[in-house]
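All residue numbers for the sequence shown refer to the numbering used here, where the first residue is 25 and numbers rise by one.
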Amino acid sequence: MVRNVGVEQVKTALRAAGLPDNQTPLRFIVMALKLRDQVVLIDSGTGGHPIYGNGNGRLFESMAAAGLNPKAVKTILISHLHGDHIYGLMNNETNAQVFPDAEIVVPAAELKWWTRPGVDAIDLGPTRKGLAHRIQATLATWQNVRTFEGEPELLPGVRAVEAHGHSPGMVTHLVSSGGSQLLISADVVNLAPHIQTNPDWQLTIDQDPQMAVETRKKIFDRAVADKLAISGTHWLMPNVGRLAKDGNAYVFSAEPGA
Ligand SMILES: [Zn+2]
Numbered sequence: 025m026v027r028n029v030g031v032e033q034v035k036t037a038l039r040a041a042g043l044p045d046n047q048t049p050l051r052f053i054v055m056a057l058k059l060r061d062q063v064v065l066i067d068s069g070t071g072g073h074p075i076y077g078n079g080n081g082r083l084f085e086s087m088a089a090a091g092l093n094p095k096a097v098k099t100i101l102i103s104h105l106h107g108d109h110i111y112g113l114m115n116n117e118t119n120a121q122v123f124p125d126a127e128i129v130v131p132a133a134e135l136k137w138w139t140r141p142g143v144d145a146i147d148l149g150p151t152r153k154g155l156a157h158r159i160q161a162t163l164a165t166w167q168n169v170r171t172f173e174g175e176p177e178l179l180p181g182v183r184a185v186e187a188h189g190h191s192p193g194m195v196t197h198l199v200s201s202g203g204s205q206l207l208i209s210a211d212v213v214n215l216a217p218h219i220q221t222n223p224d225w226q227l228t229i230d231q232d233p234q235m236a237v238e239t240r241k242k243i244f245d246r247a248v249a250d251k252l253a254i255s256g257t258h259w260l261m262p263n264v265g266r267l268a269k270d271g272n273a274y275v276f277s278a279e280p281g282a
């Protein structure tokens, strides 16, 4: 997955993070916000699509365990249109909507990119095979999709923050409540926790790896400067905490309850 450093360097970093050096765990996490009378989801997970392996697609089970009613979901904020973030919105066989009564809020730049002429012909690796076609058959035509440009406030207390690179129009979501702020950073970094210490690593799964590196530094610098709590879709548990700067690198400290 790392394309600009050698495999031994990657293994060393994995061991230093207390992880096995012959494989990398990857979680698929959907965030839920309780906002007054409604539940807001940030992305929707894999929907159990087989390309993402066994054990995924348990959003409803997880919501039940957290005491959240799927029928209370009125808004779903989407960071970007990769399958592991949107397949939870649609039935694997029929594409039928899983949350037909929710408003789905999507970055306009993402929808535009994934529906542009010729996008089907671009090879973006095995996990994105057929993705553009599926977006065109679902989100591009659904009536309950709202698109936005730039970095507006999407809901009271939730602002989009642009983070292009991993995907052409990806955004992160900055949630404010009282005096505290949480940045839900989507796929700004996908190999947690070790890439925090190696922000210059370029990942093959980032569509524009160089832009992804620049975005990662910009977002992480802001998280450090503004003392934001931060998390990401694929971060390992415990997955909420704060970043500190260490030379050119970043160190993540989990702070459950931050
Ligand atoms: Zn992802």
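The beta-carbon is built from N, C-alpha and C at its ideal position, and this holds for glycine as well.
Remember, it's a predicted structure, so these values are computed and weren't measured experimentally.
What did DSSP end up calling His106 once you bin it into helix, strand or coil?
coil
How about Asp211: is its Cβ closer than 6 Å to a heavy atom in ligand 1?
yes
Just reading off the beta strand (DSSP E) that Pro131 is part of, what are its end residues?
Glu127 to Pro131
Using beta-carbon positions only, say whether Val212 and Arg240 come within less than 7 Å of one another.
yes
Quick one: Cα of Gln33 to Cα of Gln121, how far?
44 Å
Spatial distance of Gln160 from Thr171 (CA atoms)
15 Å
Taking 7 Å as the threshold (C-beta atoms), are Trp225 and Val54 in contact?
no
Identified DSSP bridge partners for Asp147
In the DSSP output, where bridge partners are listed per residue, Asp147 has none listed.
Three-state class that DSSP yields for Ile159 in the structure shown:
helix
I need the boundaries of the alpha helix (DSSP H) containing Leu252, first residue and last residue.
Counting along the chain, Leu252 falls outside any alpha helix (DSSP H), and DSSP gives it neither H nor E.
Output yes if chain B places a C-beta closer than 7 Å to the C-beta of Ala89; else output no.
Protein chains in the displayed structure number just one, and chain B is not present.
Quick check: does the Cβ of Asp67 come within less than 6 Å of any heavy atom belonging to ligand 1?
no
Return the chain-ordered list of same chain residues with a C-beta closer than 6 Å to the C-beta of Thr165, the five sequence neighbours on each side being excluded.
none
CA-to-CA distance, Pro141 to Gly174, given in whole angstroms:
23 Å
Rounded to whole angstroms, how far is the Cβ of His190 from the Cβ of Asp230, which I believe are closer than 8 Å?
5 Å
Would the C-beta of His106 count as close to ligand 1, meaning under 6 Å from any of its heavy atoms?
yes
Tell me which same chain residues have a C-beta within less than 6 Å of the C-beta of Pro262, skipping the five on either side of it?
Ala278 and Pro280
Pull up the DSSP beta-bridge partners for Ser204, would you.
Ser201
Unbroken beta strand (DSSP E) run spanning Leu267, endpoints:
Gly265 to Asp270
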